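Below is one structure, written out as structure tokens, with a few remarks after it.
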Amino acid sequence: MSKIDRIYMSEALKEAQKAFEEDEVPVGAIIVHKGRVIGKAHNQIKLLKDPTAHAEMIAITQAASYLGNERLLNTTAYVTIEPCTMCAGALILARVKRLVFGASDPKTGAFGSRLDINNKRLNHKIGITKGVL
Numbered sequence: 021m022s023k024i025d026r027i028y029m030s031e032a033l034k035e036a037q038k039a040f041e042e043d044e045v046p047v048g049a050i051i052v053h054k055g056r057v058i059g060k061a062h063n064q065i066k067l068l069k070d071p072t073a074h075a076e077m078i079a080i081t082q083a084a085s086y087l088g089n090e091r092l093l094n095t096t097a098y099v100t101i102e103p104c105t106m107c108a109g110a111l112i113l114a115r116v117k118r119l120v121f122g123a124s125d126p127k128t129g130a131f132g133s134r135l136d137i138n139n140k141r142l143n144h145k146i147g148i149t150k151g152v153l
């Protein structure tokens, strides 16, 4: 775990705190490209009345808009908890290079805890760093 990972994970935790204050499941996500935050979000499921409004999904949309491309090549996603199946699939489809997450999620985690969607049979495999902060 690098100093940079801890810095960006701290930013993701600030987003999770916003979700907590809004009575959402406290998850935050940050997407970084070339040292710049290009996506930053927290869960907004209740606010938007949208079951897909997870922090990762919103941050992916912001990052794609920023880059003007659906492929988030050479990006790193920082998420406070292991992404669920929906978010894991979106991260893979977006071609995120690396995922850093804080806590494993034995209930819905899709990068090794409940299941592992990140396998060699898919056309993209994400580098994983877990347990940061």
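In the numbering used here, each number is its position in the sequence shown, counted from 1, plus 20.
Positions of the beta carbon are idealized from the N, C-alpha and C atoms, including for glycine.
Nothing here was measured: the structure is a model prediction, and the numbers come from that model.
- Residue state for Thr-128 is assigned as coil, using DSSP reduced to three classes.
- Shortest Cα-Cα distance from Pro-46 to any of Gly-55, Asn-139, Ile-101 involves Ile-101.
- If you keep only unbroken beta strand (DSSP E) runs of at least 3 residues inside the region 84 to 137, you get 95 to 101, 118 to 123.
- Going by DSSP, Lys-69 is part of no beta strand (DSSP E) at all; its letter is neither H nor E.
- With contact defined as three or more Cβ pairs closer than 8 Å, the region 102 to 114 and the region 61 to 69 are not in contact.
- Distances from the alpha-carbon of Leu-87 to those of Leu-135, Thr-72, Ala-73, Val-57 put Val-57 closest.
- At a Cβ-Cβ threshold of 8 Å, Phe-121 and Lys-150 count as neighbours.
- Cβ neighbours of Pro-126 within its own chain (closer than 7 Å, five residues either side excluded): Ser-133, Arg-134.
- Per DSSP, Ile-51 lies in no alpha helix (DSSP H) segment; the continuous beta strand (DSSP E) that holds it begins and ends at 48 to 53.
- C-alpha of Asn-143 to C-alpha of Glu-90: approximately 16 Å in a straight line.
- Taking Glu-44 as reference, the option from Thr-95, Pro-71, Thr-105, Ala-84 with the minimal CA-CA separation is Pro-71.
- A straight line joining the alpha-carbon of Lys-34 with that of Gln-82 spans about 17 Å.
- When DSSP states are grouped into helix, strand and coil, Ile-78 belongs to the helix group.
- Remark: C-beta atoms of Ile-148 and Ala-114 do not approach each other more closely than 8 Å.
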